[in-house]
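What follows is a single structure, written as structure tokens, with notes after it.
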Amino acid sequence: MTENKKEKLGWINGHWGIFKDLKVPINDRGLNFADGIFETIFILNGVPQLLNEHLNRWEKSASILEMNPPPSKEWLISLVEDGINRAELKNINGVIRINWTRGESEQRGIDINKTSLHSFWLEIDSFQPNFEPISTIISQTERRNSFSRLSSCKTFSYNQGIQARIEAKNLGFNDALLLNSQGEICCATTANILVKRENNWLTPPSNSGCLPGIMRQRGIELNIIKEALIEATPQDNDEWFLINSLSCRPIQKINKKELKISTNPKEFWLSLLKI
Numbered sequence: 002m003t004e005n006k007k008e009k010l011g012w013i014n015g016h017w018g019i020f021k022d023l024k025v026p027i028n029d030r031g032l033n034f035a036d037g038i039f040e041t042i043f044i045l046n047g048v049p050q051l052l053n054e055h056l057n058r059w060e061k062s063a064s065i066l067e068m069n070p071p072p073s074k075e076w077l078i079s080l081v082e083d084g085i086n087r088a089e090l091k092n093i094n095g096v097i098r099i100n101w102t103r104g105e106s107e108q109r110g111i112d113i114n115k116t117s118l119h120s121f122w123l124e125i126d127s128f129q130p131n132f133e134p135i136s137t138i139i140s141q142t143e144r145r146n147s148f149s150r151l152s153s154c155k156t157f158s159y160n161q162g163i164q165a166r167i168e169a170k171n172l173g174f175n176d177a178l179l180l181n182s183q184g185e186i187c188c189a190t191t192a193n194i195l196v197k198r199e200n201n202w203l204t205p206p207s208n209s210g211c212l213p214g215i216m217r218q219r220g221i222e223l224n225i226i227k228e229a230l231i232e233a234t235p236q237d238n239d240e241w242f243l244i245n246s247l248s249c250r251p252i253q254k255i256n257k258k259e260l261k262i263s264t265n266p267k268e269f270w271l272s273l274l275k276i
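Just so we're aligned, residue 2 is where the sequence shown starts under this note's numbering, counting upward by one.
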């Protein structure tokens, strides 16, 4: 991550400030139980990319998890524009994270108080997308639950991804690919999987348990990417990628198998943004 010389900026409870000056209550359910959802939005030359798509998924996730509706799109778009100006990102790249939790716990335990107010905060910083090749393992300790509604929502809980990443790092790799409950290729720790095979772009289907990533969905809507079951063993001449809103990284190795490396991940990624 390439950071600005300025300190990272955030907004909560009507106030802008640097991170160390902003506070989240220690009894917030997002902190205590990871009971929250978020979106990560790339800013290209001062313009938030696919903002409407991110906000649509955010609202859908809140509905699936029976949370209150997040703040309105109109209000959020105005706040995002204000943040870009304050962070001086008008002509450079950056990233915004928006957060929505079920608010403060009023008693011990996981039971939900229907009258509790939800909490929102925003984080913004400079950032450069990553297109560097990456080595991966197939995790032997973690699997995605294709039956859980959580798999389709971008929640605060990244413990499974963290454990799989630790597993990969301990073996000298950069990241891990995850199978699902049925043993099918699903996703990576923080990205969707794409496979370029005989000039076709493939990705595991949404019912595999993968997060419906914004860039993944963008490619599907543009008729560039198709959903397909993908076996864990790559075919000859396959090109595999990990893609999300902040990166498109060619996979150069899966376990012991070396893969063909793409030379144009940046161009492909930008094409999904219609740049």
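Every residue, glycine too, gets a C-beta built ideally from N, C-alpha and C. Bear in mind that the values here come from a model prediction, so they are computed numbers and not experimental data.
Does the Cβ of S149 have 16 or more other Cβ atoms within 10 Å, making it buried, or fewer, making it exposed? By one-based count along the sequence shown, residue 149 stands at place 148. When all chains shown are included, S149 counts as exposed.
From the DSSP output, in three-state form, read off E54 for me. Numbered from its first residue, the sequence shown carries residue 54 at position 53. Looking at E54 - three-state DSSP - the assignment turns out to be helix.
Please state whether the Cβ-Cβ distance between C211 and C187 is less than 8 Å. Numbered from 1 along the sequence shown, position 210 holds the residue referred to as residue 211. Numbered from 1 along the sequence shown, position 186 holds the residue referred to as residue 187. Their beta carbons are under 8 Å apart, which means C211 touches C187 by this criterion.
On the DSSP letters alone, give me the boundaries of the beta strand (DSSP E) that R145 sits inside. The sequence position of residue 145 within the sequence shown is 144, counting from 1. Element bounds for R145: I135 to R145.
Since R198 is in the beta strand (DSSP E), which residue starts that stretch and which ends it? The count along the sequence shown starts at 1 and reaches residue 198 at position 197. From DSSP, the beta strand (DSSP E) with R198 extends over N193 to R198.
Would you be able to state if there are at least three C-beta pairs under 8 Å between the region 56 to 70 and the region 26 to 34? no
Could you give the uninterrupted runs of the alpha helix (DSSP H) lying entirely in the region 35 to 113, keeping only those of 4 residues or more? 52 to 65 and 74 to 87
Where are the alpha helix (DSSP H) runs, 4 residues long or more, that stay fully inside the region 156 to 183, in chain order? 160 to 171
Tell me the DSSP secondary structure of G210 in three-state form. Here residue 210 is taken as the residue at index 209 of the sequence shown, counted from 1. In the structure shown, G210 sits in coil (DSSP, three-state: anything other than H, G, I, E or B).
Close beta carbons around N175, own chain, < 7 Å, minus the five adjacent residues each side: The residue you call residue 175 lines up with position 174 of the sequence shown. For N175, where only same-chain residues beyond five positions count, the Cβ hits under 7 Å are I135, S136, T137 and A169.
Look up G31 in the DSSP assignment and say whether it is helix, strand or coil. Indexing the sequence shown from 1 puts residue 31 at position 30. Here G31 sits in helix by DSSP.
Sheet register partners of F242 (DSSP bridge): If you number the sequence shown from 1, residue 242 lands on position 241. Beta-bridge pairing links F242 to L195 and P251.
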